[in-house]
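Residue numbers (our numbering), protein chains in the order written: chain A, 70 to 650; chain B, 23 to 327; chain C, 129 to 449. For every residue, glycine included, the Cβ atom is placed at its ideal position computed from N, Cα and C. In what follows, a single structure is set out as structure tokens and then discussed.
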């Protein structure tokens with residue numbers, strides 16, 4: 070379900086996957102259908118089974134050591150994390166009751182079968198496999214899963230993805246007990262609605278029915294906690310060498326800023342992983358990573374955008390190159406609370422003066438997909454393409470000039486100098502330089518660019534201290550609702566754009582309480598059309614991001630397994646199936 | 023003299039305290055906090071995080087807590103690393119020291135050799151060669167040098183590794199050390215050359231030559247020793263600069279030292295880490311500075327304290 | 129560098145009191161003129177400076193506006209139209225490098241003005257103001273000296289940015305030719321760099337305080353300000369000029385480094401540092417983008433270094449050949 074992508078810090082902002090609070094409510098009823106949408110979009114592979122769903126070529130071989138480029142995770146604690154690189158490595162060494170496959174379906178992992186749901190939909194009973202073990206040989210029991218949930222809800226641990234399991238009875242109460250005494254906290258911990266009825270049976274109590282709860286049980290924040298090592302849910306997560314693992318690999322060593330070494334976990338309950346050892350080499354700079362890849366010090370890396378044309382033209386590297394479409398839209402947000410951006414014609418003029426094709430070709434070496442729709446076509450539905458709204462908001466210098474004149478600034482006369490806030494990453498710098506020149510050329514207006522560091526940039530965004538803000542959105546879960554709700558409704562929790570529009574709010578109201586799923590999604594798509602076609606809210610939409618990799622020919626897995634469920638590298642959701650020739 | 027040294031050592035304590043204080047208030051004045059992210063965290067999460075990392079009081083209260091902990095040698099948690107700052111520094115410092123010291127040895131040996139040879143061969147071919155080397159080292163930013171070194175020596179010729187650091191493995195040591203040490207080497211060469219030229223004009227050298235000593239013995243026995251005095255006094259600051267200036271090289275060669283925390287901790291508002299690196303670096307600089315001042319006294323007895 | 133104190137100390141005892149200041153400077157000029165490398169460096173510097181500022185005024189020399197993006201000429205190699213090639217957005221490198229030169233010179237010189245103002249006043253006050261103020265100011269100097277430079281610059285850049293203050297604020301520049309952001313960078317680098325100069329000035333002045341001619345001036349009843357301004361300050365200037373000359377390339381380097389770590393100038397303003405940083409990203413596609421600005425930095429650095437060396441020799445009579 071959740072499309073988890075954070076990104077390499079130097080080329081893009083770190084994008085945590087923050088599920089909105091309303092996520093639970095809305096997600097509850099409709100996400101199952103969303104999943105089927107994705108499944109359809111991914112094509113019908115009816116003959117797949119869980120274990121070998123993606124047909125790698127040739128016969129996998131056991132053994133081999135792999136070194137790959139990675140970005141140092143913030144934490145190895147699954148009950149705390151939110152960054153893609155954190156989640157990527159956590160899924161290599163831990164697994165939950167269920168696991169997401171390449172179609173974002175939850176299939177049993179540590180659980181023996183699908184959960185039993187009570188008739189009111191509020192109690193989930195999960196039967197675990199028998200004889201599960203941690204990597205250190207200790208038995209893995211239901212108690213450990215209870216401990217995992219408790220850790221995520223524990224205020225002392227301050228898990229950043231607690232909202233996802235807020236529907237579990239007592240979790241929010243526990244989490245908000247920041248200032249309470251230890252005894253009170255202990256009491257609240259016991260009250261969290263998850264219990265081990267015996268060593269292999271778990272019972273979850275929910276506040277509201279949530280048919281998608283099985284998916285949640287596949288996510289990192291519900292992973293088990295080795296309760297024989299971490300005694301209390303508020304205790305700090307131990308060093309990697311002192312931990313126990315239940316995934317296909319275990320972390321053998323970790324050197325800050327340098328690497329983490331993963332070796333096969335022999336107590337993993339399925340077929341053992343093919344690779345003996347995986348070294349995650351921490352390299353933030355993609356130009357450095359490319360050097361290392363060329364020197365055969367890495368077998369897979371994210372590709373360096375600036376040299377993409379050289380890579381594609383290279384007879385060897387061109388074949389090793391892989392591009393995977395992502396689910397991230399980039400746009401120049403506008404602060405609608407400020408003049409003259411509150412004027413529809415001004416926004417229209419800016420959007421029409423933006424040549425997206427050339428931007429992509431020049432600034433990103435064609436790495437992305439120019440777009441005028443806020444929702445990616447996959448989400449927005451069949452009849453919307455990337456260029457779907459070009460007719461109204463697409464590049465047209467003459468129309469742009471006219472719109473600006475309509476707004477009362479003929480040939481840019483009297484137009485104030487707007488400020489664009491960016492952080493100093495190459496993508497944004499190029500975007501800002503490009504737009505500044507384009508708008509000067511086509512509209513005769515000036516903007517200043519404030520270059521700040523990324524924390525300042527985020528702080529200015531949430532304080533709405535900007536005129537223009539190259540930002541965007543990364544999907545949390547595959548539903549149109551995730552792309553608009555909370556963002557563009559009046560008073561929405563993530564509405565840092567100053568959007569307040571009656572017509573829009575009306576559609577939001579209708580969609581929110583609509584139980585007809587198809588109609589509901591159409592309503593959200595209507596919102597997308599309103600947003601995109603009249604560039605009122607998202608500002609000029611620029612492009613849809615994609616992910617670019619270099620993969621050595623002897624390595625199988627990343628290319629074959631690449632799917633929307635990837636966290637940080639192509640195919641990293643099933644690293645146990647990677648193998649080396 | 024001894025009294026002076028003792029006094030200076032004792033002065034380190036208030037100095038470090040002052041630096042800690044200035045840093046503390048500066049870093050809290052920087053806009054944006056450690057938990058500002060593109061997709062903002064919910065208020066209850068931020069509240070829990072602030073409690074967890076003891077950021078929930080006013081800046082004044084936090085300062086009192088911070089100084090209290092500092093006195094006990096506790097620099098707090100690194101948010102980014104989720105570990106004690108002292109642990110992070112202890113893990114990374116040896117690598118940074120190895121890198122810095124290797125570059126220091128390289129710079130000293132190469133710089134002095136080039137300087138002496140070019141002075142002895144003033145305006146000869148050797149002089150031009152060493153001036154050329156010194157020129158490149160002193161006038162091109164080290165990340166540009168590193169880029170071309172990697173492209174040519176590591177990728178084209180395959181002599182060295184692109185990333186990594188393992189003490190004793192020349193494939194991983196040569197490029198980072200040269201990239202880091204070339205600038206100070208050039209500086210040392212320049213000073214050595216100037217100093218040598220000055221010494222070679224002194225009366226006692228003329229006397230030695232007049233006595234019929236071989237030129238090589240004149241240079242070795244008399245000139246070098248005397249010419250080294252001004253060079254020695256710049257070595258302290260150079261060593262400090264090398265130890266505290268490893269950021270670029272660490273980043274470009276994927277070396278796990280502490281140099282990178284120095285810059286990244288500011289970018290991620292990792293308060294504990296900012297403080298840790300600042301105090302460490304300030305300590306290194308202050309100690310080297312102290313050594314320089316003391317060495318002045320030894321070299322030039324006329325200096326009063 | 130603190131150490132330069134000992135090597136650049138002026139020994140003026142050889143000059144008799146009645147020698148006019150002008151005589152001293154003329155002699156120095158004379159010596160400087162005989163130093164071919166220094167003269168060459170000076171000539172190159174003047175040429176480069178004139179060209180850097182001249183290109184802004186004469187489009188014929190500039191050939192293309194430095195911010196003009198020509199999308200059909202991306203990352204071009206040097207050719208007849210674009211003498212030094214173009215960058216990733218199709219901007220002419222020739223024009224860009226002159227602009228970068230201009231901005232880097234502004235940063236280098238601006239920084240040294242800040243350094244001069246703070247360094248001279250702190251150094252002089254410490255030397256002349258009595259034991260108490262000496263102590264306070266020297267401890268302040270120690271603090272600045274031991275404070276890791278780069279960190280201080282980053283912190284200051286982070287704090288100064290986003291402020292609506294005069295001169296450093298964004299928007300149209302309040303000092304002609306110096307946008308707020310440039311002033312921020314200059315102030316940030318300047319504030320961490322003055323400690324060396326302050327120590328130098330203090331050392332010089334303490335030496336001069338007891339020099340024969342100052343004692344003589346005092347003896348014949350000259351008043352303190354007169355002694356400071358007519359005798360001590362001019363005689364301190366030699367080492368100060370040398371230090372400042374070396375300080376300019378150091379500041380240019382510091383700014384280059386800021387660009388590398390993500391605290392560069394906002395686009396499309398391009399210092400040489402920004403250009404080098406951007407060029408380094410595209411080194412695989414077109415190495416010209418990094419080589420040209422790197423050479424420009426090298427030329428500036430070398431010229432200032434050689435000029436500094438020449439000035440030191442010229443101002444220090446001991447090294448007369």
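So which residues of chain A does residue 104/B contact, with C-beta pairs closer than 9 Å? Looking up residue 104/B in the second chain gives position 82. 143, 144, 145, 146, 149, 305, 306, listed in chain order.
Per-residue DSSP class, three states only, for residue 329/B: The first residue shown for chain B is 23 and the last is 327, placing residue 329/B beyond what the model contains.
I'd like the list of long-range same chain contacts for residue 426/A, defined as Cβ closer than 8 Å, with 5 residues on each side in sequence excluded. In the first chain, the residue the question calls residue 426/A occupies position 357. Result list for residue 426/A: 439, 464, in chain order.
Is there a Cβ from chain C that is less than 8 Å from the Cβ of residue 92/A? On the first chain, position 23 is the one that residue 92/A refers to. Residue placement at residue 92/A is flagged as unreliable, the pLDDT there being 44, under the threshold of 50; a coordinate-derived value is accordingly withheld.
Beta-bridge partners of residue 542/A, as assigned by DSSP: The residue you call residue 542/A lines up with position 473 of the first chain. Looking at the DSSP output, residue 542/A bridges to 398/A.
Start-to-end residues for the beta strand (DSSP E) that takes in residue 616/A: The residue you call residue 616/A lines up with position 547 of the first chain. Counting along the chain, the beta strand (DSSP E) containing residue 616/A begins and ends at 610 to 620.
Is it true that the CB of residue 405/A sits closer than 8 Å to the CB of residue 567/A? Sequence index remark: in the first chain, residue 567/A carries index 498 (1-based). Sequence index remark: in the first chain, residue 405/A carries index 336 (1-based). The answer is yes: Cβ separation under 8 Å.
Closer than 8 Å by C-beta to residue 191/A: which residues in its own chain qualify, once you throw out the five before and the five after it? Chain order, please. Here residue 191/A refers to the residue found at position 122 when the first chain is read from its first residue. Excluding its 5 nearest sequence neighbours in each direction, residue 191/A has C-beta neighbours in its own chain below 8 Å: 274, 275, 276, 277, 278, listed in chain order.
Taking 8 Å as the threshold, find out whether the segment 389 to 407 of chain A comes into contact with the segment 465 to 477 of chain A through three or more Cβ pairs. With fewer than three CB-CB distances shorter than 8 Å, the segment 389 to 407 of chain A does not count as touching the segment 465 to 477 of chain A.
DSSP on residue 96/B, reduced to helix/strand/coil? By 1-based counting over the second chain, the position of residue 96/B is 74. In this structure, residue 96/B counts as coil in the three-state DSSP scheme.
For residue 619/A versus residue 351/A, is the C-beta spacing smaller than 8 Å? For this step, residue 619/A is matched to residue 550 along the first chain. For this step, residue 351/A is matched to residue 282 along the first chain. Contact flag unset, no.
Any C-beta of chain C under 8 Å from that of residue 248/B: As a position in the second chain, residue 248/B is number 226, starting the count at 1. It does not; no Cβ of chain C falls within 8 Å.
Please list the residues of the segment 238 to 271 of chain B that have a C-beta atom closer than 7 Å to any C-beta atom in chain A, keeping them in chain order. none
Going along chain A, which residues have a C-beta under 8 Å from residue 413/C? Walking along the third chain from the start, residue 413/C turns up at place 285. Ordered by position in chain A, the residues that pass the 8 Å Cβ test against residue 413/C are 375, 376, 378, 379.
Chain B beta carbons: is any one of them nearer than 8 Å to that of residue 357/A? Looking up residue 357/A in the first chain gives position 288. True, the Cβ-Cβ gap to chain B drops below 8 Å.
Residue range of the unbroken alpha helix (DSSP H) whose run includes residue 53/A: Lying outside 70 to 650, the shown extent of chain A, residue 53/A is not represented and no answer is given.
Against chain B, does residue 384/C count as a neighbour if the rule is that its beta carbon must be under 8 Å from one of theirs? As a first step, residue 384/C is located in the third chain; it is residue number 256 there, counting from the start. Nearest CB-CB separation between residue 384/C and chain B: below the 8 Å threshold.
Residues of chain A with CB under 9 Å from residue 217/C, in chain order? Reading the third chain from its first residue, position 89 is the one you call residue 217/C. The answer, in chain order, is 431, 432, 499, 502, 503, 506.
Residue 526/A to residue 491/A, Cα distance in whole Å? As a working mapping, residue 526/A is identified with position 457 in the first chain. As a working mapping, residue 491/A is identified with position 422 in the first chain. Near 6 Å, if we compare the C-alpha coordinates of residue 491/A and residue 526/A.
Along chain C, which residues have their Cβ under 7 Å away from the Cβ of residue 165/B? Locating residue 165/B in the second chain gives position 143, where the first residue counts as 1. Under the 7 Å cutoff, chain C gives 388, 408.
Three-state secondary structure assigned by DSSP to residue 445/A: Here residue 445/A refers to the residue found at position 376 of the first chain. Here residue 445/A sits in coil by DSSP.
Compare the C-beta of residue 48/B against all C-beta atoms of chain C and say whether one is closer than 8 Å. For the purposes of this step, residue 48/B is identified with residue 26 of the second chain, where counting begins at 1. True, the Cβ-Cβ gap to chain C drops below 8 Å.
Tell me whether the segment 138 to 158 of chain B and the segment 209 to 217 of chain B touch, counting them as touching only if at least three CB pairs, one residue from each stretch, are closer than 8 Å. yes
In this structure, does DSSP put residue 464/A in helix, strand or coil? Walking along the first chain from the start, residue 464/A turns up at place 395. If DSSP states are grouped into helix, strand and coil, residue 464/A belongs with coil.
Taking only beta-carbon atoms, is residue 418/C less than 8 Å away from chain B? Locating residue 418/C in the third chain gives position 290, counting from the first residue. The beta carbon of residue 418/C sits closer than 8 Å to some beta carbon of chain B.
Report yes if the CB atom of residue 649/A is closer than 8 Å to the CB atom of residue 130/A, and no otherwise. As a working mapping, residue 649/A is identified with position 580 in the first chain. As a working mapping, residue 130/A is identified with position 61 in the first chain. In contact: residue 649/A and residue 130/A (Cβ atoms closer than 8 Å).
Bridge partners of residue 270/A, per DSSP? In the first chain, residue 270/A corresponds to position 201, counting from 1. DSSP lists 196/A, 267/A as partners of residue 270/A.
Rounded straight-line distance, which links the Cα of residue 199/B to that of residue 121/B: The count along the second chain starts at 1 and reaches residue 121/B at position 99. The count along the second chain starts at 1 and reaches residue 199/B at position 177. If I take the Cα positions, the gap works out to 6 Å.
If contact means a Cβ-Cβ distance below 9 Å, which residues of the segment 235 to 247 of chain A contact chain B? 241, 244, 245, 247
Whose Cβ in chain B lies nearer than 7 Å to the Cβ of residue 429/C? Working through the third chain from its first residue, we reach residue 429/C at position 301. Those are 160, 161, listed as they occur along chain B.
So what does DSSP say about residue 177/A, is it helix, strand or coil? Walking along the first chain from the start, residue 177/A turns up at place 108. Of the three classes helix, strand and coil, the one that applies to residue 177/A here is strand, per DSSP.
Give me the DSSP bridge partner(s) of residue 488/A. By 1-based counting over the first chain, the position of residue 488/A is 419. In DSSP, residue 488/A forms a bridge with 517/A.
When you compare the CB of residue 396/C with every CB in chain E, is at least one pair closer than 8 Å? In the displayed structure, chain E is absent; the protein chains listed are A, B and C.
Mapping the DSSP letters down to three states, classify residue 208/A as helix, strand or coil. In the first chain, residue 208/A corresponds to position 139, counting from 1. Here residue 208/A sits in strand by DSSP.
Can you tell which of 89/B, 50/B, 221/B has the C-alpha that lies nearest to the C-alpha of residue 241/B? Locating residue 241/B in the second chain gives position 219, counting from the first residue. Answer by Cα proximity: 221/B.
Quick one: residues in its chain with C-beta nearer than 7 Å to the C-beta of residue 176/B, no 5 flanking neighbours on either side, listed in chain order? In the second chain, counting from the first residue as 1, residue 176/B sits at position 154. Closer than 7 Å at Cβ, skipping near neighbours: 182, 183, 184, 197.
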